[in-house]
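Scroll down for the structure; my scribbles are underneath it.
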Amino acid sequence: MTKADATPVLELTGIGKEFGAIRALHGVDMQVMPGEVVGLMGDNGAGKSTLVKIIAGNFRPSHGEIRFAGNAVHFSRPVDARAVGIEVVYQDLALSDNLTAAANVFLGRELKRKFGPIALLDHKAMAARAL
Ligand SMILES: Nc1ncnc2c1ncn2[C@@H]1O[C@H](COP(=O)(O)OP(=O)(O)OP(=O)(O)O)[C@@H](O)[C@H]1O
Ligand SMILES: [Mg+2]
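In structure tokens:
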């Protein structure tokens, strides 16, 4: 499959974001193809975090369109983005060093196994999903 005939997993077109008078993003176009790893680089304050927050549903874009697997999406909240499979692993300060990578991914929404009235953490399932 070549880049030309595949549907992007994620496609941003003309994304812009203003915080009052501050223009954080302007005319951002980006495609992420299946299996592709994309690095986003820029100066401090360039808008990287703002773009990730828009992709993750934390902020609504002021302008532009987001498509996921070819369909236009409008995320109002992070759970909307999570519902289609978008996850964000935040930087060091938001991580718990004493937990595994998988436990950090599922922090606050751990997968559990039920044994009657008792629920136990399902470490195996969390490790598999995180992988
Ligand atoms: N909630 C907000 N309210 C007002 N302005 C904001 C807000 N979030 C970000 N900005 C502004 O938007 C611009 C882009 O910031 P952003 O944090 O996205 O940059 P960044 O590329 O992630 O920077 P860094 O490399 O420092 O993490 C900056 O001018 C910043 O001050
Ligand atoms: Mg940042």
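At position 87 of the sequence shown the residue is numbered 87 (this note's numbering), and the sequence of numbers has no breaks.
Quick reminder that beta carbons are idealized off the backbone N, C-alpha and C, glycines included.
All of these numbers come straight from a predicted model, not from anything done at the bench.
Start and end residues, alpha helix (DSSP H) containing residue i
i	result
Ala125	His123 to Ala130
Arg82	Pro78 to Val84
DSSP state of residue i mapped onto helix, strand, coil
i	result
Asp97	coil
Asn44	coil
Leu25	strand
Ala139	No statement about residue 139 is possible, as the shown extent of the chain runs from 1 to 131 and does not include it.
Ala6	coil
Val32	strand
Leu51	helix
Nearest-angstrom beta carbon gap, residue j and residue i [assumed within contact, 8 Å]
i	j	result
Val32	Pro8	6 Å
C-beta atoms of residue i and residue j nearer than 7 Å
i	j	result
Gly16	Leu25	yes
Val84	Phe106	no
Glu110	Leu121	yes
Gly57	Thr13	no
Ala94	Met126	no
Paired residues, beta bridge with residue i - DSSP
i	result
Thr13	Glu65
Glu18	Arg23
Boundaries (first-last residue) of the beta strand (DSSP E) holding residue i
i	result
Val73	Asn71 to Val73
Leu115	Going by the sequence as given, residue 115 is Phe instead of Leu. That run of the beta strand (DSSP E) goes Lys112 to Phe115.
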